[in-house]
Amino acid sequence: MPPSKVQSEKQTFLKEYGDRYGYNGRIDQIREEEYPQLKNGFYLDHAGTTTYPQSTLVNLKADLTDNLYGNPHSKSPSSMLATKKVEAVRNQILNYFDCTPGDYQVVFTQNATAAIKLVGEIFPWQSERSWFKYLRENHTSIIGLRALAKEGGADISVLSEAEVESFIGTHRQLKEQDDGEVIYNLFAYPGQCNFSGMKFPINWAQRIKENHSTETSKVLVLLDAASYVTSSQLSLRDTKSSPDFVNLSFYKLFGYPTGLGALLVKTELTPILKKRYFGGGTISGLLYDADYAQFWPSLSETYEDGTINFLNIIALSHAFAAFHKLYNSINYVNMHTSTLISYLYSQLSVMKHYNGAPICEIFSSRDFHNPKMQGPILNFNFKKPDGSWVGYAEVEKLACGDNIHLRVGGFCNPGSVTKWFNITQDEMMMAFKSGKVCGDDRDIINKKPTGSIRVSLGAMTTIDDVLAFINFAKEHFIEVNPPVNIEKRKSGSFVRQSWKGFTANPQFQIVQQMSMYGQDWVLIDASSGTTLNQRRLKGQIESSDKSQEMAKFSSSSEFSKLSSSSESSNHGALEQYAKGVTSSRKLKTPVVTKICYYGSTESLPDS
């Protein structure tokens, strides 16, 4: 799209949404001064990780240069300084989540997954008496808890959102335990689905406890907040209604440091938690040859086995400072990102093909204009005019070519995959047995997608990033004209006006022979119906069994010269999706066969 058109769209957006976008007009300055790494691309994978401001790194470097930090498990000056800084960061975290002093404790972990795993390891499961229930739309890290729950003898069940509401809404008078022993159960769910961005009620924690806890049967709640807190405020002030465990990931919140997460645990749970493994400085006394180990009294001292990542924890203090300086409050980030995701949804959801069919299907049941219900994530798949799916692998390759950073696949959320793509467990099992694995390019099986496209926004996302993706969708995935009728003369030979094509075989010497045909040729991939320029051809070769000669051709100077000279034609032959990489006097719409090369009837060999 011409720059003038992009600027016009930007000004239209600012006129309508400027009061809710950009931190009172500071966003462009923030991007220019703090995020030089974002200058040469469009980063739309903030649910994977957001990115860091350079002031965090500058201030951290100065801190580490000016101060000597030692291992906290000592009384030396450097160790005491490190301990002091670490404890200050713990308090920063508790203040950030509005915790009353003493109600929660911070246990540092390697990441959010490690925090979740720790819950399963220390939870007081009681064989054949405890239960573990989790929402279908959970991350695999939550689903992985079922192995630990099963090991503890708990009854396990997975619930849909409607089933959770039904379960919570049914007040059950549970029978008190005759022996007076307290049974503990666990319910786990995400505050925000990392797949779709759908938000789930934070008050589920309060409601399930009110209706399903007695004196001798308690329900504890684990809230996976890793995705939720990246754009939403979480208050843990009211311990009667708040979750008992909250897992966090700091790189998702601040971009840096990585390799650092935390588990927030209610202090009142200290007596019931069951530590199994111990190591490092978690013990205050130990006999090496007898079954005796004495642990420190605080949760953090007890459950942080080994030396904590104290330098990254110190880095976290600078990440907090930079965040507050740039954005003031997560509530402003929420306003900014919700405005952008609402606009993106409004644009993408109304795009149509020539026949009126929508170009995509969006996977969320929430209102994108309500930030209390929907986070800054848009998950979808593109569709063709006939309603069939465009594979996510093709989208990813085209996005990479346009320097758009997004994510495709199942996003470690198998419950959402089966729900939104209407895939049965049997179909999933058959796919796995046939070789389907996480991260591969088998994006459509039995006409059903196995994954999708996720665009996610962050505090520093701009309208320019969003417009880049909107124009990417328009350029590559809107079909503005119906397919051309093709007359088949003989195998591998087609006629369109005065043009014909042939199917190239692996023996076809592309570089030598195609360079003979001048500018009057076009290369088309029948699997997607797209014309391949140099960039697109490279992407197609990476995901197929096409010949090495084609790979050689795609990177050759001959192809670059021919492709650029053809695409620079001023005859108006270029249509949507680069359909018409040649002179308009002869080719208006490319013919789709297999991988075909087109030239005039005078120049091409017989098929």
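Here the sequence shown is numbered in the working numbering, starting from 483 and rising by one per residue.
Positions of the beta carbon are idealized from the N, C-alpha and C atoms, including for glycine.
| Check | Outcome |
| --- | --- |
| Alpha helix (DSSP H) segment containing Gln-587, residue limits | It is not in any alpha helix (DSSP H) - Gln-587 instead sits in the beta strand (DSSP E) that spans 586-591. |
| Outcome for Val-919 when other beta-carbon atoms lying within 10 angstroms are tallied against a minimum of 16 | exposed |
| Between the CA atoms of Thr-582 and Asp-527 - distance to the nearest angstrom | 34 Å |
| Cβ pair Gly-743, Thr-591 closer than 8 Å | yes |
| Opening and closing residue of the beta strand (DSSP E) in which Pro-672 lies | 665-672 |
| Distance between Gly-679 and Tyr-825 (C-alpha atoms, nearest Å) | 15 Å |
| Same chain only: Cβ atoms within 7 Å of Ala-529, ignoring 5 sequence neighbours per side | Asn-676, Ser-709, Ile-859, Arg-936 and Ser-938 |
| For Ser-831, the residue or residues it bridges with in DSSP | BP columns for Ser-831 are empty, so no partner. |
| Same chain, Cβ closer than 7 Å to Ile-638, neighbours up to 5 away in sequence not counted | Phe-614, Arg-628, Ala-631 and Lys-632 |
| For Val-588 and Leu-746, believed in contact at Cβ under 8 Å, the rounded distance | 6 Å |
| contact_flag[the region 914-934, the region 870-884] where n(CB pairs < 8 Å) is 3 or more | yes |
| Span of the beta strand (DSSP E) around Asp-923 | Careful: Asp-923 lies outside any beta strand (DSSP E) and carries neither H nor E. |
| With 16 other Cβ atoms within 10 Å as the buried cut-off, status of Ile-754 | exposed |
| Trp-690 versus Ile-650 - alpha carbon distance | Before going on, a small fix: residue 690 reads as Ile here, not Trp. Cα to Cα, Ile-690 sits roughly 5 Å from Ile-650. |
| Residue range of the alpha helix (DSSP H) that includes Lys-879 | 874-883 |
| Segments of 4+ residues assigned as alpha helix (DSSP H) that fall wholly inside the region 547-605 | 559-578 and 594-604 |
| C-alpha distance - Ser-558 paired with Ser-612, whole-angstrom precision | 46 Å |
| Cβ neighbours of Ile-604 in the same chain (closer than 8 Å, five flanking residues each side left out) | Leu-755, Lys-756, Lys-757, Arg-758 and Tyr-785 |
| Minimum length 4: unbroken alpha helix (DSSP H) runs contained in the region 805-864 | 812-830 |
| Straight-line gap, Tyr-774 to Glu-750 (C-alpha atoms, nearest Å) | 24 Å |
| Those residues which DSSP pairs with Ile-765 across a bridge | Phe-777 |
| Close beta carbons around Asp-884, own chain, < 7 Å, minus the five adjacent residues each side | Phe-954 |
| Host alpha helix (DSSP H) of Arg-689 (start-end) | 686-694 |
| Whether Leu-435 touches Tyr-671 by CB criterion (8 Å) | The chain is shown from 483 up to 1089; residue 435 falls before or after that span and cannot be answered. |
| Whether Tyr-827 touches Val-962 by CB criterion (8 Å) | no |
| One or two residues paired with Gly-891 in a DSSP bridge | Ser-934 |
| Closest by C-alpha distance to Glu-843, when choosing among Phe-850, Lys-854 and Ser-831 | Ser-831 |
| At least three beta-carbon pairs within less than 8 Å, the region 807-820 to the region 786-795 | no |
| Residue interval of the beta strand (DSSP E) (run including Gly-679) | First-last for Gly-679: undefined, no H or E at that position. |
| Helix, strand or coil at Lys-918 according to DSSP, with G and I counted as helix | coil |
| Contiguous beta strand (DSSP E) assignments of at least 3 residues, all confined to the region 614-658 | 637-641 |
| DSSP-derived helix/strand/coil call for Phe-727 | strand |
| Opening and closing residue of the alpha helix (DSSP H) in which Leu-949 lies | 945-959 |
| Buried or exposed (CB count within 10 angstroms, at least 16 for buried), Phe-903 | buried |
| Reference His-958, options Ile-624, Lys-748, Asn-577 and Lys-834, closest by Cα | Lys-834 |
| Straight-line Cα distance separating Ile-960 from Ala-1060 | Caution is warranted here: a pLDDT of 32 is assigned to Ala-1060, below 50, making its placement in the model unreliable, and the coordinate value is therefore given only provisionally. Each residue's Cα considered, the two are about 12 Å apart. |
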